[in-house]
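Shown next, in structure tokens, is the structure this report addresses.
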Amino acid sequence: MEEQNENQLNIELSEEIAEGVYSNLAIITHSTSEFVLDFIRVMPGVPKARVKSRIILTPEHAKRLLSALQDNIEKYESINGRIKVQPDHPGFPMNFGGTMGQA
939 MEEQNENQLN
949 IELSEEIAEG
959 VYSNLAIITH
969 STSEFVLDFI
979 RVMPGVPKAR
989 VKSRIILTPE
999 HAKRLLSALQ
1009 DNIEKYESIN
1019 GRIKVQPDHP
1029 GFPMNFGGTM
1039 GQA
């Protein structure tokens, strides 16, 4: 007979959710009771963008997320080297800093 660990959590991941949603911009806001993370996909040369996913967290879970991200970034960098972050630019670069394509 197989023993079940009382603290074990069975997590189901649907095929649709497993595909993920690409985001290249996150906007974070908060109130006294929650943090809201809006994930957005901005396309070059398109002045309008739509929120693709919104995650709402309690302040405690937001802090746990921060800790988990820090831990994972440290592990990633120990294997792959430091992640380079571009210096802040005034405003949002709508052309992503590259050349504009022509058709």
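Numbering (the working numbering), first residue to last: 939 to 1041. Just so it is clear, CB atoms sit at the ideal spot from N, CA and C, and this is done for glycine as well. All figures in this text were calculated on a predicted structure; none of them were measured in a lab.
Exercise for the section: Could you name the residues of the same chain whose beta carbon sits closer than 6 Å to that of residue 965, not counting the 5 residues immediately before and after it, in chain order? Expected result: For the purposes of this step, residue 965 is taken as residue 27 along the sequence shown, with counting starting at 1. So the qualifying residues of the chain are 976.
Handout entry: Separation of residue 1015 from residue 994, as counted between CA atoms
Key = Stepping through the sequence shown from its first residue, residue 994 is reached at position 56. Stepping through the sequence shown from its first residue, residue 1015 is reached at position 77. Their backbone Cα atoms lie some 28 Å apart in a straight line.
Handout entry: Identity of the residue in 990, 985, 1021 nearest residue 961 by Cα
Key = Here the question's residue 961 lines up with position 23 in the sequence shown. Per the Cα distances, 990.
Exercise for the section: Give the secondary structure of residue 1020 by DSSP, where H, G and I count as helix, E and B as strand, and everything else as coil. Expected result: Here residue 1020 refers to the residue found at position 82 when the sequence shown is read from its first residue. The answer is coil: DSSP assigns residue 1020 none of H, G, I, E or B.
Handout entry: Residue range of the beta strand (DSSP E) that includes residue 964
Key = On the sequence shown, position 26 is the one that residue 964 refers to. Per DSSP, residue 964 belongs to the beta strand (DSSP E) from 963-968.
Exercise for the section: From the DSSP output, read off the bridge partner residues of residue 975. Expected result: Residue numbering aside, residue 975 sits at position 37 when the sequence shown is read from its first letter. 966, 993.
Exercise for the section: Going by DSSP, name the residue or residues bridged to residue 988. Expected result: Looking up residue 988 in the sequence shown gives position 50. In DSSP, residue 988 forms a bridge with 979.
Exercise for the section: Would you kindly work out how many angstroms separate the C-alpha atoms of residue 1024 and residue 992, rounded to a whole number? Expected result: The residue you call residue 1024 lines up with position 86 of the sequence shown. The residue you call residue 992 lines up with position 54 of the sequence shown. The alpha-carbon atoms of residue 1024 and residue 992 are separated by roughly 25 Å.
Practice task
Whole angstroms is fine: what's the gap from residue 1026's alpha carbon to residue 963's?
Solution key: Taking the sequence shown and counting its residues from 1, the one referred to as residue 1026 is at position 88. Taking the sequence shown and counting its residues from 1, the one referred to as residue 963 is at position 25. Rounded to the nearest angstrom, the two C-alpha atoms are 14 Å apart.
Handout entry: Euclidean distance between Cα positions of residue 998 and residue 1013
Key = By one-based count along the sequence shown, residue 998 stands at place 60. By one-based count along the sequence shown, residue 1013 stands at place 75. One C-alpha to the other measures close to 23 Å.
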